[in-house]
Amino acid sequence: MKTINKILTVAVGAVTMLASCDMNDKYYSDATPDTFITSEANVTALVGRTFAQWSYYFLWTHWQYQESCTDEFTTPVRLRSGIDTWYDSGKWIRINDHNWIPDEGWIEDLYLNTMNVMSRCLQVRDDLKKVTPEQCGLTRAELDDYINQMSGFEAYMYLQAFDMWGGLPLYDSTKDPLKPRATAKETYKFIEDHLLESLKYLKPKETIGKTEEGYFSQGAAAMALGQLYLNAEAYIGEDHYADAEKVFQDIIDGKYGAYDLDKTWNGPFGWEGANSPETMLYCPSLNGTGCECDWHFRRFYPRNALYIIGYNDLLYWCINGHCLTPSRRQDGELYSVTNPEIKLGSPYESYDDGDHRKRCYSYQGEGKYDGMFMVGEIEGMKPYDGYWKGGKVKGHKNCILLDQIYDHEQCWKDKGNPMDYPSDIQHSNECSGVRLVKVPFPQEEALTWNVGLNIIRLAEAYYSLAECKFHRGDKAGAAELINKVRARNFDGSDPNPVTAGNLDKYRLAKEWMIEFIGEGRRRTDLIRWGMFTTEKWWSHEPSNESFRNRFPLPDSALGGNPLLKQNPGYGSENVLAPDEI
């Protein structure tokens with residue numbers, strides 16, 4: 015198997031290697047596959063660039079907009095000495111309130127980054143089909159494996175785009191002319207057919223625990239097919255839970271590769287995440303490159319987080335933005351107690367006491383860590399007097415991060431009643447909000463920046479299968495599957511197991527949240543349950559505008575392809591008709 019780790023490593027040096035092989039003049043403006051793809055290094059450079067582009071797409075666009083518009087995360091305006099930080103021209107407020115418009119810069123970035131990966135898959139697949147194994151120093155089976163990966167991965171990326179925008183232009187070749195958008199049902203069938211075809215040829219993972227560094231395997235394609243079926247009601251208004259149930263059961267039974275649940279919650283997320291028995295699709299970072307996974311750090315944590323991390327280079331990466339939506343009001347009371355109509359959100363307090371994940375993050379040495387949050391008064395996290403203060407609470411020696419969002423600093427100065435100060439996305443300060451630490455900080459030189467991205471893992475098959483059983487009334491079967499994953503998070507027995515009696519759609523939504531928080535899927539889940547535009551959480555009021563389940567196409571896309579039409583609800587005259595949706 016050719017892994018992304020090897021692919022990316024080769025890709026970095028590919029151009030230098032090529033230049034050193036032949037001193038004769040070559041006019042690369044006229045390069046064709048048969049003149050460029052002349053070695054395995056060239057093949058891996060092409061394929062590696064696709065996966066590198068995908069990594070950027072996931073880190074900087076997909077993740078933020080699958081999470082920040084949901085009940086899991088918020089990006090509040092942080093008030094600091096009269097200066098508003100993270101206002102960003104109201105961007106995060108509009109995302110929180112579901113008021114985005116087509117000319118948003120982030121909408122354009124999301125669309126372009128998604129389409130770039132899709133088109134790259136198509137281009138590389140077409141180019142590889144034009145060369146022979148002898149030309150590039152590969153066997154027929156090895157070359158076909160690269161081609162099959164690109165075909166399967168292209169279908170996977172079509173699914174990501176379909177989830178965000180609905181019907182898409184469907185391209186089979188880079189030679190195709192510009193096309194209009196297909197209907198949602200046509201796009202659904204296109205993705206289904208391509209994934210089913212890829213399952214015939216992609217390789218399964220043969221051994222449990224074997225490294226899974228981004229290779230697009232049969233298991234990853236099967237999971238994508240299951241995702242398509244699971245979300246079919248939201249996508250095309252059809253019930254395909256029976257199809258989804260079969261796929262997820264087959265995945266658990268090992269039909270598409272050798273996988274198993276990890277014994278610990280953090281096994282898939284640490285430095286050995288690629289070797290976790292649970293990992294099904296993994297994108298590694300490259301040790302020492304500095305920005306492969308910096309989103310895990312820079313957008314969440316206070317500047318003075320370096321005091322507990324012990325890694326001084328991190329100082330310039332922390333910019334104190336994203337945090338969990340709060341579980342508590344300004345006076346410290348739980349929203350779940352004081353406002354029962356709010357049934358979503360409150361992520362931190364959704365974890366039961368005794369859950370290993372609810373502990374404050376601590377690094378234990380030799381690549382091991384414990385706890386998933388930065389919360390409360392953190393020993394050793396001293397006040398930082400520079401640009402980012404980081405949350406120094408009066409009367410405390412150390413900085414403190416609170417599961418509340420309001421302007422604590424002004425309240426303390428005024429000696430006021432906390433409930434007199436608004437709790438919403440426009441009013442917070444540096445210490446507002448619990449921070450997620452799902453992957454460990456780099457604290458040892460040998461481990462610096464070497465934490466990859468676990469994109470698909472086996473636990474998803476268990477929860478998806480549980481949801482299928484829930485829909486056909488087998489709540490006991492659903493509870494058993496969820497509890498099998500929950501069990502690893504406690505010493506001794508689970509204090510709050512899922513049962514047929516307590517499992518409703520809100521408990522199911524909570525279980526998905528606490529297991530997969532921060533993994534870039536919450537928006538999709540809420541839409542599937544009909545909760546995205548109809549439910550209240552923290553400062554988000556339901557709009558009941560179902561068109562918000564799809565993002566608008568950016569204005570630049572409509573201008574670049576006059577055959578495209580806008581999604582309904584976004585104010586364009588050139589909008590899809592009912593029979594085109």
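Residue numbers (this note's numbering): 15 to 595. Note that CB positions come from ideal geometry on N, CA and C, so glycine has one too.
Have a look at T278 and N503 and give me their C-alpha separation to the nearest angstrom. 7 Å
Segment contact, 8 Å Cβ cut-off, at least three pairs: the stretch 225-235 with the stretch 161-168: yes
Confirm, please, whether the CB-CB distance from F565 to I121 is below 8 Å. yes
Across which residues does DSSP place N468 in a beta bridge pair? N468 pairs with Y296.
Classify E423: buried if its beta carbon has 16 or more other beta carbons within 10 angstroms, exposed otherwise. buried
Start-to-end residues for the beta strand (DSSP E) that takes in K382: K382 to D384
Status (buried if at least 16 other CB within 10 Å, exposed otherwise) for R486: exposed
Straight-line Cα distance separating L157 from T538: 35 Å
For a test of the three-state rule: what should DSSP assign to E391, helix, strand or coil? strand
Taking the alpha-carbon of N575 as reference, which of L182, N510, L358 and D505 has the nearest alpha-carbon? L182
Can you tell which of P298, F283 and Y273 has the C-alpha that lies nearest to the C-alpha of E292? Y273
Please work out which residues of its chain come closer than 8 Å, Cβ to Cβ, to P511, disregarding the five sequence neighbours upstream and downstream, and give them in chain order. A493, N497 and R500
Local conformation of L358 per DSSP, three classes: L358: coil per DSSP, three-state reduction.
When the Cα atoms are used, what is the spatial distance from K452 to L184? 36 Å
Report the partner residues of S442 according to the DSSP bridge assignment. R92
Starting from R342, follow its DSSP beta bridges and name the residues at the other end. L348
Taking the alpha carbon of A175 as the reference point, which residue from P582, S586, N563 and G585 has its own alpha carbon closest? The alpha carbon of A175 has as its nearest neighbour, out of P582, S586, N563 and G585, the alpha carbon of N563.
Residue nearest to Y170 in terms of C-alpha spacing, selected from Y101, R134 and D253: R134
For L415 and D421, the rounded distance between their alpha carbons: 13 Å
In angstroms, rounded to a whole number, what distance separates the CA positions of V407 and E81? Residue confidence is low: V407 scores 48 on pLDDT, short of 50, so the model does not pin down where it sits. Its coordinate-derived value is still stated next. When rounded, the distance between both Cα atoms is 29 Å.
For T547 and E559, which I take to be in contact (beta-carbon distance under 8 Å), what is that distance rounded to the nearest angstrom? The Cβ separation is near 6 Å, so the contact holds.
Going by CA-CA distance only, name the one from L60, A258 and P47 that's closest to E474. A258
Between E226 and A288, is the Cβ-Cβ spacing less than 8 Å? yes
Along the chain, where does the alpha helix (DSSP H) that runs through Q67 open and close? E54 to Y71
T538 in three-state terms, based on DSSP: helix
From which residue to which residue does the alpha helix (DSSP H) around G574 run? D569 to G574
The alpha helix (DSSP H) with Y435 in it runs from where to where? From DSSP, Y435 is part of no alpha helix (DSSP H); its letter is neither H nor E.
Find out if the Cβ-Cβ distance for the pair L567, Y172 is shorter than 8 Å. No, the Cβ-Cβ distance between L567 and Y172 is not below 8 Å.
Got a sec, what are the start and stop residues for the beta strand (DSSP E) G379 sits in? S376 to G379
Please give the ranges of any alpha helix (DSSP H) in the stretch 94-179, keeping only runs that are unbroken, at least 4 residues long and fully inside the region. 105-111, 119-143, 147-150 and 154-179
Compute the beta-carbon to beta-carbon distance between L275 and L472, rounded to the nearest angstrom, for a pair I have assumed lies under 8 Å. 6 Å
Residue range of the alpha helix (DSSP H) that M527 falls in? K519 to F530
By alpha-carbon positions, which one of F50, I528 and Y71 ends up nearest to D367? Closest option to D367, Cα to Cα, is I528.
Below 8 Å, can you find three or more Cβ-Cβ pairs linking the stretch 342-353 to the stretch 64-71? No, because fewer than three Cβ pairs between the stretch 342-353 and the stretch 64-71 fall closer than 8 Å, the two stretches do not touch.
Could you say which of F283, C445 and A238 lies nearest to N334 if we only look at CA atoms? Checking every option, the nearest Cα to that of N334 belongs to C445.
Using the Cβ count rule (16 or more neighbours within 10 Å means buried), how would you classify M433? exposed
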